[in-house]
Structures are given as C-alpha cells and as structure tokens.
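Only one structure is covered here, and it is reproduced in the block below.
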Ligand SMILES: NC(=O)C1=CN([C@@H]2O[C@H](COP(=O)(O)OP(=O)(O)OC[C@H]3O[C@@H](n4cnc5c(N)ncnc54)[C@H](O)[C@@H]3O)[C@@H](O)[C@H]2O)[C@@H](O)CC1
Ligand SMILES: Nc1ncnc2c1ncn2[C@@H]1O[C@H](COP(=O)(O)OP(=O)(O)O)[C@@H](O)[C@H]1O
Ligand SMILES: [K+]
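Residue numbers (the working numbering): 382 to 948.
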C-alpha cells in the first residue's frame, strides 16, 4: 500500500473524512485532531500577523468543524497577545460546542451575522482589522452559497485585507475546484493534514494563494486507497528513468512520430523534436510527402518516412501499410499532431490502428500480446503487442498481424477517433495514452461540454476506454484505467501557446520508448513539460513566448530534475 506522504498525495473530502475516522478508531479524539491541525494553521497565520505593525485579526466562523478550527485558532492568536475578534455565521452559543465555549472563556469578542442583517458590524470590523482568518466553510461545502453568506464573502474580498483560509477558501468545492457562487480570495491557505483536489484545480485554485499544510498525525494503519498524486518536483523526479552511461541509442528506444500535414508542418517538427528531447535514442518522423522536403531541410536530428498522399494535406490507407512495415524496431508510436482530418487521413488512421472499415478488417495488436506472436516474416493485419485479438478476426485475415508498440494519440488523431464508432474496442487494455485538451475530450465523449469535475471526467473515461487519459488544461489531470490519478496544478500561461501540446505528445511517446508504463510516462511528460515551462517563464516571462522556447529548455528541465531544483 502506498505510504501517505503529505505533498505527494491529494485527497478527496471523503478520503480525508475516512482518514480522520480511522484516527478516531485508533484512539484519537476529535478535539485532539482539531487541536493539532488548528495549532499548525495558527502558526502559519501568526508568522504573517507578527510582521504587521499593529495587527488586529478578524476570524470568520462557520457552523461546522471548519468554524471549530477557526475558533481554536482565535484562541491561539489571543494567547499570542494579538487583538482578535470573531464574526459567526449560523453558529449559536451552545453548551456542547467546546471550541465556542473555549473561545468565549478567553473573552474573545463575538459578533453574530444573525444580529447583523445589514452587515454593518462586519463592515466596521473589516475597517478596524488588518488580517482575516476564514473559517466559514471547509470540505463540508457541497451546495451553492446562500445569498447572505455570499455577501459576507464579497465584503471580505472587497476589503482587500490579507486572508488566511482554514483548510480551503470558503466557496471552493474541495473535490473539483468548482466555485459555489463566490469564493474567499485567500492570500494563504493552510490545509488540514493533506491537500485536497480542489486546491490544485481551477477555477478555485486561483483563490488558494500560498498553500501550506498543517501537520496532523496520520493513523498508523492508514491504508486508504490514496489514489491521487500531486505532480510536484519531488514526485516528478521520482519517475525519471535511469540513463546508463554506457547506453547506446537503442538502449533509449526508437519512436515513430506520425504527424504534420500541408497546413500544419510545425506540429510535426515540434512533436518529433520533443520526442528526441525526451531522451529517446532514435526518432523517425513519418510525415506526408508534401511537407517532407521543407521539414527535413531544418530538422536534422530525426530520420524520415515520407508518406504518400491523395493530394497535399490528405493521407491514404497505403501510408498505413508503409508505417506498419517499418514498426518492428520501434518501442513507441505517436500519431496525431497536425495530421488534419481529411477523409483519406481518417482512413489512414483507422488502418494504422486496426479500425479499418468492415469490408477490409486489418488485424492490429500491441507489442507483448499473449496471443500475438511477433511475426518473423511480416505479412499484414494489425494488433497491439499486449492485445488478445479475436480469433475470427485473425482467421479473416490473409496475412499475419501487425504489432503496434505502446501508442500515444493526440490532436487530430483524437478528432478522427471521435468520428469512429466504438473506437475504444481496439485500444482497451492496451498500452495507450490519449492526450485530449478539454475540447477534444468533449468530442471523444460525444458531448458539447465536459462536466465541471475534471478528475471524475478523466477517471470515468480512462476506466471506460481502458487507456491512460491526459486531460490537458491549466490543471492537467492524468487518469489511469485502474483508478489512479495525478494532478499537475502549476498553471503557467507560458504553456498556453500553439504547439505546446505537440511537445507534450512527443515527450510522452519518447518516455514510452524508454520503457515507462503509460501512466508513468504521461505523468513524467506532463511534469517535465511543466518544468520547461517554468524555466521559460523564469527566464523570458509569460508573454510572447512560443512553443520552441519550451522545446529548447527541455534539456535544462531534465537537468533540473536530475541534478537539483528550480531556483
Ligand atoms: N483534524 C482537524 O482539525 C479536522 C478538521 N476538520 C475541519 O473541519 C472541516 C470540515 O468540517 P465539516 O464537515 O463540519 O464541514 P464545514 O465546516 O466545511 O461546513 C459544514 C457546515 O456548513 C453547512 N453548509 C454547507 N454548505 C452550506 C451552504 N452552501 N450554505 C450554508 N451552509 C452550508 C453545513 O450544513 C454544515 O453545518 C474541514 O475543512 C476542516 O477545516 C475536520 O476535517 C475534522 C478534523
Ligand atoms: N495556463 C496554462 N497553465 C499550464 N499549462 C497550460 C496552460 N495552458 C495550456 N497549458 C498546457 O499546454 C498544452 C497545450 O496543449 P494543446 O491545447 O493541445 O495545444 P496545441 O494543440 O496548440 O499544442 C497542454 O499540455 C496544456 O496543459
Ligand atoms: K475556510
């Protein structure tokens, strides 16, 4: 079972509740848990408060345990001799409310929203305060905010006072980053024990500010399925494959990149160069003949397989045969960047991955199949090395199967897939990574728009299709068909430039060729792409940067990952 390490694992609200319950089952009490987390949260707050010239702290208190934490924090602030007052929303004095009673015993001034219908007391408090602690809602928020509390949040935001959010900024859905109407704009958020998905997912993540974790003792026997990993420098580093000093180019794998078209030659260049810069040993660019000359004139580090076209911009099924004939030595195949979606190109893709029309079914399988033998004399038909291919299909073929290596499908490859019924049948349970952005994902799902809960969308799709899904956006989500999830939440507009996705696809294929499993290859590709983007931003800024700036920083990004952190 994975060991739970804060900063590596991200929880859902349900998971954190299960962890807390287990701690209680093992003998901890709820007041113990709250005391520990609140101490850590208060310490973060106090380091900021202590730097203010004449601090005065306003603590917003909600009705649940988030408000309970806030009341305990208020006591710590009072004990540190800073002026503090509380403003309580839907929390009435009650004998069994121990955090309330304890705060009251310290004579901390309390105002109640219930007695402040025009919010005059709140406005007064905001004017006389220098710092706000937000304990209105935590992971318990799962419905739209009522108008009265939404107004309280808007007034706090309008005050421009620095806010420290307890666990999550109030208004955030801890599971998916959704905003329930409005949200506290926090300068700091201190998560209780472990971070939650919502801390890393937009739009809510933009309101989290600096994220810290208040330690809480995890139960000894903790074996909750901690299925979500945070992609940070440490976790990304742990995925980097060894690079033996005596390795030769075949040690590091061959990648076939099928990309580009008359209108989009740049995508081929970017994807193939990224595959080469992934550390793979050899990259072959299979691009349409119409762009071969111009591409080969300036991209010298790859070998070429020019593909026949019906006319410039449209491939043919015959091109698939050509790729099949060359695939035997390749450890990964990328198909899609800049291919276009012309009819002939669609036929090409179907034939390439064995989704040919019913009149001529091609046997295609994946490398490693228990049914497919790697053909000594290659004859025809297509299959993935790990695939178990239906016997009838094999019989219907005149020739032996083609064996596909681990596969990445990106961009127009995905747009074409979306037009094919039951495309997933061929790919299910094979070493396949799909890299859709939000729009491509909607097309693949046959929906106008994808749901707001991106982790859930990616997880369900990965499970349904039996492939690894990289759902790209400012927060990229990598979902494995077995339910594992990785989140990369380091938004960086330097990456929001045409061609950035082609680079990611090339990197993913290059890492598959180096032997990484699909889920790991996808995570590392997203990770190193993010580090290269961070270098671009650090060095050049976030405006006016282009995809080749990312490409050129990949070697340095690898060095940062293997030799030390970002400065
Ligand atoms: N070790 C610790 O310190 C612990 C800390 N915890 C804290 O407790 C929080 C979770 O506590 P709760 O489960 O009580 O949940 P919350 O305190 O987040 O809020 C739940 C309360 O808000 C109300 N509510 C929910 N949505 C509302 C809406 N839209 N409008 C008005 N009212 C609404 C609910 O009816 C409930 O009374 C965590 O975020 C954390 O801060 C808990 O996780 C327990 C352990
Ligand atoms: N604001 C952002 N923050 C972080 N990453 C981003 C941001 N915008 C885009 N990206 C990343 O850049 C890449 C863009 O890919 P894609 O949309 O396929 O573009 P293209 O097809 O033009 O290459 C994805 O990896 C995406 O996650
Ligand atoms: K909060």
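From the three backbone atoms N, C-alpha and C, an ideal C-beta is built for every residue, glycine too.
Source: prediction; values computed, not measured.
Compute the Euclidean distance between the alpha carbons of residue i and residue j, then round it to the nearest angstrom.
i: residue 434; j: residue 422; result: 21 Å
i: residue 401; j: residue 571; result: 17 Å
i: residue 539; j: residue 569; result: 17 Å
i: residue 492; j: residue 501; result: 11 Å
i: residue 445; j: residue 518; result: 7 Å
i: residue 841; j: residue 849; result: 11 Å
i: residue 886; j: residue 812; result: 15 Å
i: residue 722; j: residue 714; result: 19 Å
i: residue 795; j: residue 702; result: 20 Å
i: residue 591; j: residue 899; result: 32 Å
i: residue 872; j: residue 411; result: 36 Å
i: residue 632; j: residue 895; result: 8 Å
i: residue 483; j: residue 489; result: 9 Å
i: residue 884; j: residue 656; result: 8 Å
i: residue 450; j: residue 418; result: 8 Å
i: residue 521; j: residue 394; result: 8 Å
i: residue 860; j: residue 511; result: 43 Å
i: residue 691; j: residue 725; result: 7 Å
i: residue 508; j: residue 563; result: 21 Å
i: residue 938; j: residue 807; result: 35 Å
i: residue 901; j: residue 615; result: 14 Å
i: residue 869; j: residue 487; result: 43 Å
i: residue 550; j: residue 596; result: 18 Å
i: residue 783; j: residue 862; result: 25 Å
i: residue 554; j: residue 717; result: 35 Å
Residue i and residue j: beta carbons closer than 8 Å?
i: residue 834; j: residue 424; result: no
i: residue 930; j: residue 912; result: no
i: residue 651; j: residue 932; result: yes
i: residue 915; j: residue 610; result: no
i: residue 951; j: residue 465; result: Within the shown structure, residues of the chain are numbered from 382 to 948, placing residue 951 beyond reach of any answer.
i: residue 928; j: residue 878; result: yes
i: residue 653; j: residue 720; result: no
i: residue 441; j: residue 468; result: yes
i: residue 497; j: residue 565; result: no
i: residue 704; j: residue 890; result: no
i: residue 798; j: residue 822; result: no
i: residue 648; j: residue 880; result: yes
Name the one or two DSSP bridge partners that residue i has.
i: residue 868; result: 611 and 858
i: residue 853; result: 818
i: residue 512; result: 438
i: residue 669; result: 688
i: residue 454; result: In the DSSP output, where bridge partners are listed per residue, residue 454 has none listed.
i: residue 577; result: 392
i: residue 361; result: Within the shown structure, residues of the chain are numbered from 382 to 948, placing residue 361 beyond reach of any answer.
i: residue 616; result: Its beta-bridge partners do not exist; DSSP assigns none.
i: residue 591; result: 569
i: residue 734; result: Bridge partners of residue 734: none, in fact.
i: residue 466; result: 439
i: residue 544; result: 513
i: residue 414; result: Answer is none; residue 414 lacks a bridge partner.
Grouping DSSP H, G and I as helix and E and B as strand, with all else coil, what is residue i?
i: residue 432; result: coil
i: residue 390; result: strand
i: residue 929; result: helix
i: residue 492; result: strand
i: residue 721; result: coil
i: residue 902; result: helix
i: residue 697; result: coil
i: residue 754; result: With a pLDDT of 42 at residue 754, under the threshold of 50, the modelled position of that residue is not reliable, and the figure given next carries that caveat. Of the three classes helix, strand and coil, the one that applies to residue 754 here is coil, per DSSP.
i: residue 801; result: coil
i: residue 419; result: helix
i: residue 848; result: coil
i: residue 399; result: helix
i: residue 537; result: helix
i: residue 649; result: helix
i: residue 789; result: strand
i: residue 476; result: coil
i: residue 939; result: helix
i: residue 520; result: coil
i: residue 677; result: helix
i: residue 506; result: helix
i: residue 560; result: strand
- Task: Assess, as a yes-or-no matter, whether the segment 680-687 is touched by the segment 656-665 under the definition of 3 or more beta carbon pairs within less than 8 Å.
- Result: yes
- Message: Count Cβ pairs between the segment 899-911 and the segment 619-628 that sit closer than 8 Å; are there 3 or more?
- Response: yes
- Count the CB pairs spanning the segment 814-822 and the segment 785-792 that are closer than 8 Å, and state whether there are at least three. yes
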